[in-house]
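Written out below as structure tokens is the structure these notes cover.
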Amino acid sequence: MCVKIILEIMQKKLFNKKENNFSIFLFHGVIKKNNFSIRNYNRKHLLEKKFISILNYLKKNGTSLSMDEIIYCKKKKLELPKNSFNITFDDGFENNFSIAAPILDEMKLKTTFYFSTDFIENNTMSWIDKVEHCFEFTKEKSIYVDGIGKLQINNKSSKIKSLKKIRKIIKKKLNINISNFVDNIFDICKLRKIKSYNSNIDKKITWSKIKQLNDNPIFIIGGHSHEHMPLTYFKANELDQQIRKSIKLFKTRLNINLKHYSYPEGQEIDFNKKIIKKLKKNGIKCCPTAINGFNSLNSDLFNLRRIQI
């Protein structure tokens with residue numbers, strides 16, 4: 567493990583030294599090479615070398631437990647091994663299967679994969695990935711976006727700054743029509759609209775590959791809604807459909823009865839008591855957030871915190 571990566575890992579507090587505390591680590595993707603200038607600026611998809619270094623550190627310093635084992639210890643009030651942790655992946659990128667899973671399997675690190683079913687069914691892109699795609703390929707130097715204002719996109723630094731601004735503003739606007747917003751971005755960037763893309767940071771996993779993951783006893787499969795939008799974005803009937811459809815698709819496609827789920831986006835604004843009640847009604851036993859922090863055996867299984875790597 568190179569010195570730079572060791573120092574970077576140590577700067578993050580990955581374990582809480584208190585007894586019976588556990589960490590849940592949140593990943594999205596792993597790639598061998600970054601082929602873009604703007605895309606993946608936030609390192610949502612880690613380079614394989616760094617991913618392996620992080621896993622080596624976790625394995626050396628902690629104890630890998632499955633989410634089912636953590637739930638069992640919580641219910642039975644059993645002590646957890648020191649520095650217990652679970653690894654999780656959100657969304658459903660194909661590189662979870664082709665790059666991350668073989669490494670995790672070889673190292674015997676128990677992992678939970680949370681998948682959005684529209685991604686699986688249609689290889690669709692999230693709204694922010696579409697916006698990043700526009701900023702990667704547009705030749706425009708500046709644009710005006712309704713609700714955002716004028717944005718400079720004449721170089722890498724300005725594009726990333728504008729992307730951060732869009733992400734921050736839009737994620738707080740629960741009443742926005744996100745499809746119209748994204749279509750407008752394509753138009754003002756003078757690019758052809760796309761719904762999917764097969765780059766190494768866009769291609770989604772297939773049902774057949776999920777089956778192979780599910781056949782491995784160290785992996786757990788979970789849901790992540792259907793369309794990968796914050797669940798608070800939807801009206802009551804739409805919310806029911808988002809949850810039920812995602813659960814039903816796992817049942818009909820692979821005969822998997824989902825017990826695990828994670829909230830899309832996963833911040834405080836993205837879930838509430840009503841959503842938790844609906845998840846429980848549909849058989850979900852545990853649903854971690856994306857809020858940073860550690861957990862104890864007293865933590866609520868629908869308010870678990872994760873550490874994003």
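In terms of this note's numbering, the sequence shown is residues 567 to 875.
All C-beta atoms in this analysis are idealised placements derived from N, C-alpha and C, irrespective of residue type, glycine included.
- A856 and F591 have their C-alpha atoms spaced approximately 10 angstroms apart.
- Within the region 608 to 664, the complete alpha helix (DSSP H) segments at least 4 residues long are 614 to 627, 633 to 642, listed from N- to C-terminus.
- For I786, the uninterrupted beta strand (DSSP E) run begins and ends at 785 to 789, by DSSP.
- Of the candidates D866, S791, K814, K584, S791 places its Cα closest to the Cα of G658.
- A straight-line Cα-Cα distance of about 25 angstroms links F752 and T683.
- Spanning the alpha carbons of L624 and I850 requires a straight line of approximately 28 angstroms.
- The shortest C-alpha to C-alpha distance from R605 to any of L717, I694, D806 is the one to I694.
- Counting other Cβ atoms within 10 Å of its Cβ, R758 stays below 16 and is therefore classed as exposed.
- Contact between T629 and N649 holds, with the beta-carbon distance rounding to 6 angstroms and staying under 8 angstroms.
- The DSSP-derived three-state label of N586 is coil.
- The count of Cβ pairs closer than 8 angstroms, one atom from the region 832 to 844 and one from the region 704 to 711, stays below three, leaving the stretches out of contact.
- In the structure shown, the three-state DSSP call for F681 is strand.
- In this structure, L824 lies near F816, with their beta-carbon atoms less than 8 angstroms apart.
- Within the model, the alpha-carbon separation for I618 versus I669 is close to 8 angstroms.
- F800 sits in coil when the DSSP states are folded into three classes, being neither helix nor strand.
- Pairing N750 with N662, the inter-Cα distance amounts to about 31 angstroms.
- Its chain contains G658, K770 as the residues whose beta carbon lies nearer than 6 angstroms to that of F685, once the 5 sequence neighbours on both sides are disregarded; these appear in chain order.
- Below 8 angstroms, enough C-beta pairs join the region 579 to 590 and the region 637 to 649 to call them touching: three or more.
- Shown here, L670 sits in a helix according to DSSP, grouped into three states.
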